[in-house]
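Enquirer: To start, I am sharing the structure in question, which I have written as structure tokens.
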Amino acid sequence: MKYNDNSVDDYTINQLIDTFLDGIYEGYNFDLRNDQILRNDLYNHLRTSMSMMELHLENKNPLLNTIKANYPLPFEIAKTILKQSSSSLSFPEDDIGYIALHIGAAIERCFSGSIKKKSIYLVCGSGQATSRMLEARLQNVFGRKLSIVKKLSLIDYLNLTEDDFKEIDCVISTVPLEQTYVPTITVDFSLNQQDIETVSRLITSIDQNKSDKIKKFFDSSLFIHKKKATSKKALLDELNSMLLKEGIVDEHYIDSVYKREELSNTNMNEVFALPHPLDVIAKKTKVAVAILDEPLLWHNEETVRIIFLLAIKRGDSLNMEHLYDVFIELVNNPKFQQEIMHSNTYTSFIASLIQHVQ
Numbered sequence: 001m002k003y004n005d006n007s008v009d010d011y012t013i014n015q016l017i018d019t020f021l022d023g024i025y026e027g028y029n030f031d032l033r034n035d036q037i038l039r040n041d042l043y044n045h046l047r048t049s050m051s052m053m054e055l056h057l058e059n060k061n062p063l064l065n066t067i068k069a070n071y072p073l074p075f076e077i078a079k080t081i082l083k084q085s086s087s088s089l090s091f092p093e094d095d096i097g098y099i100a101l102h103i104g105a106a107i108e109r110c111f112s113g114s115i116k117k118k119s120i121y122l123v124c125g126s127g128q129a130t131s132r133m134l135e136a137r138l139q140n141v142f143g144r145k146l147s148i149v150k151k152l153s154l155i156d157y158l159n160l161t162e163d164d165f166k167e168i169d170c171v172i173s174t175v176p177l178e179q180t181y182v183p184t185i186t187v188d189f190s191l192n193q194q195d196i197e198t199v200s201r202l203i204t205s206i207d208q209n210k211s212d213k214i215k216k217f218f219d220s221s222l223f224i225h226k227k228k229a230t231s232k233k234a235l236l237d238e239l240n241s242m243l244l245k246e247g248i249v250d251e252h253y254i255d256s257v258y259k260r261e262e263l264s265n266t267n268m269n270e271v272f273a274l275p276h277p278l279d280v281i282a283k284k285t286k287v288a289v290a291i292l293d294e295p296l297l298w299h300n301e302e303t304v305r306i307i308f309l310l311a312i313k314r315g316d317s318l319n320m321e322h323l324y325d326v327f328i329e330l331v332n333n334p335k336f337q338q339e340i341m342h343s344n345t346y347t348s349f350i351a352s353l354i355q356h357v358q
């Protein structure tokens, strides 16, 4: 069955895109409004998607579960802002998933323009073919963030001295390396999804000590461990009071959090919730944390035990990349979730974060 996408006019689509990108800036502090690549991608997707909706056709997304698991924040941004931006249209999650990929890519471009490329040695133990394959994969995925200074065989690598690493940020190798002078990771030559996540974490941890990076957002005065909470509202009010006491937010903050909760659920999985306001209105970027021994009813029949109440300061979008690493790890790593749920003190909580977010 063919459809005529001329039924959706350009003005309507561009107006929706303007509203959508304004909403991302106001709600999440990412200024993607001048990203022409994103605008073109959104235009092409929305034109097709809105035409299919008019004809009651489905646009199935076979990658939806993967997108929700690996890109939870872009997905949450797309879902929330689309709901705000268009009262007359209801986008299914299949569409939201595709849009989330465009948002995630735009955020990567946003960061990559201000981050110096990392200089790396690439070590391969299986010959030229695998070296070329891995090099191509790294360039394709991390071309804006990594500069491959030299490709080395294992023997070549073992002959290097400490002086050879003065201008090198890290080493990526297909074989385990015992002798290291800089941060080093081992990956498969095919660079699978797990490897990509490992490389991403390595890149974001190079420039600053991971302990300082984590502690910047999490304070002992903003951490509570409780047996249980009487209700979602009671817990949010308690976390808000902590933020207020520390001068991080004002009295309008909690109202914006409740308005956001009315739009859609903020639980990222079966244990972790990330409530936050509709607007970027905090005086500092901080996270108020609650760890519960007993599950708390959060949305419909869904419960959580780890709650991060997020406060973002306008202009801190670059810092948010480090925070998102924490959130993504908490969504995807069951062992990390268990350790956090068993963190009875701030000290053990921070130790777990530092251990897992590298």
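Quick note: the sequence shown uses UniProt numbering, first residue 1, plus one each step. Where is the CB? At the ideal position from N, CA and C, for every residue including glycine. Note that the structure is predicted; figures quoted are calculated from it, not measured.
#1: Look at the Cβ atom of V257, then the Cβ atom of P277, and state whether they are nearer than 8 Å.
#2: With 16 other CB atoms within 10 Å as the buried threshold, where does E76 fall?
#3: Three-state secondary structure (DSSP) at F217?
#4: Given this structure, state the Cα-to-Cα distance separating H342 from I254, to the nearest angstrom.
#5: Going straight from the alpha carbon of T345 to that of I224, what length do you get?
#6: Based on Cα-Cα distance, which residue from F308, D279, P183 lies nearest to M242?
#7: Measuring straight from C-alpha to C-alpha, what distance separates residue 363 and A106?
#8: Got a sec, what are the start and stop residues for the alpha helix (DSSP H) R314 sits in?
#9: Could you work out which residue in A311, E262, L296 is closest to D250 when comparing CA atoms only?
#10: Which of the three DSSP states, helix, strand or coil, is assigned to R305?
#11: By Cβ distance, which residues of its chain are closer than 6 Å to M133, with the 5 residues on each side in sequence left out?
#12: Let's see if you can read the secondary structure: which residues bound the beta strand (DSSP E) around A288?
#13: Looking at the structure shown, is F272 part of a helix, part of a strand, or coil, going by DSSP?
#14: Using a threshold of 8 Å, state whether the C-beta atoms of V123 and V199 are closer than that.
#15: So, L146 versus G125, is the Cβ gap smaller than 8 Å?
#16: Along the chain, where does the beta strand (DSSP E) that runs through V149 open and close?
#17: Can we say the segment 66-75 touches the segment 32-50, given the rule of at least three CB pairs closer than 8 Å?
#18: Per DSSP, what are the beta-bridge partners of F223 in this structure?
#19: Provide the residue span of the beta strand (DSSP E) that contains S231, from first to last.
#20: Just how far apart, CA to CA, sit I96 and Q179?
#21: Can you tell me the Cβ-Cβ gap for L64 and F20, rounded? I've got them flagged as a contact below 8 Å.
#22: Could you compute how far the alpha carbon of E26 sits from the alpha carbon of F217?
Expert: Here's the rundown:
#1: The residue labelled residue 257 in the question sits at position 257 within the sequence shown. The residue labelled residue 277 in the question sits at position 277 within the sequence shown. Yes. Within cutoff.
#2: The residue labelled residue 76 in the question sits at position 76 within the sequence shown. So E76 ends up on the buried side.
#3: Mapped onto the sequence shown, residue 217 falls at position 217. Coil at F217, not helix or strand.
#4: As a working note, residue 342 is residue 342 in the sequence shown. As a working note, residue 254 is residue 254 in the sequence shown. Approximately 28 Å between the Cα atoms of the pair.
#5: Here residue 345 refers to the residue found at position 345 when the sequence shown is read from its first residue. Here residue 224 refers to the residue found at position 224 when the sequence shown is read from its first residue. Distance between the alpha carbons of T345 and I224 is about 8 Å.
#6: For the purposes of this step, residue 242 is taken as the residue at position 242 of the sequence shown. When each option's Cα is compared against that of M242, the closest is F308.
#7: Residue coverage of the chain in this structure runs from 1 to 358, which leaves residue 363 outside it and unanswerable.
#8: Along the sequence shown, read from residue 1 onward, the residue named residue 314 stands at position 314. No alpha helix (DSSP H) holds R314; DSSP gives it neither H nor E.
#9: By one-based count along the sequence shown, residue 250 stands at place 250. Answer by Cα proximity: A311.
#10: Translated into the one-based positions of the sequence shown, residue 305 becomes position 305. Residue state, collapsed to three classes: strand.
#11: The residue labelled residue 133 in the question sits at position 133 within the sequence shown. These residues qualify, in order along the chain: F189.
#12: Here residue 288 corresponds to residue number 288 of the sequence shown, with the count starting at 1. Unbroken beta strand (DSSP E) run through A288: 286-299.
#13: Translated into positions along the sequence shown, residue 272 becomes position 272. Strand at F272.
#14: Locating residue 123 in the sequence shown gives position 123, counting from the first residue. Locating residue 199 in the sequence shown gives position 199, counting from the first residue. No, the Cβ-Cβ distance between V123 and V199 is not below 8 Å.
#15: Looking up residue 146 in the sequence shown gives position 146. Looking up residue 125 in the sequence shown gives position 125. Cβ atoms of L146 and G125: not closer than 8 Å.
#16: Here residue 149 refers to the residue found at position 149 of the sequence shown. Note, V149: beta strand (DSSP E), 146-153.
#17: Because the criterion of three Cβ pairs below 8 Å is not met, the segment 66-75 and the segment 32-50 do not touch.
#18: Taking the sequence shown and counting its residues from 1, one reaches residue 223 at position 223. Per DSSP, V289.
#19: Position 231 of the sequence shown, counted from the start, is the residue given in the question as residue 231. No beta strand (DSSP E) holds S231; DSSP gives it neither H nor E.
#20: Working through the sequence shown from its first residue, we reach residue 96 at position 96. Working through the sequence shown from its first residue, we reach residue 179 at position 179. When rounded, the distance between both Cα atoms is 46 Å.
#21: The residue given as residue 64 occupies position 64 in the sequence shown. The residue given as residue 20 occupies position 20 in the sequence shown. So it is not a contact: roughly 20 Å between Cβ atoms.
#22: Residue numbering aside, residue 26 sits at position 26 when the sequence shown is read from its first letter. Residue numbering aside, residue 217 sits at position 217 when the sequence shown is read from its first letter. Their Cα atoms are separated by approximately 21 Å.
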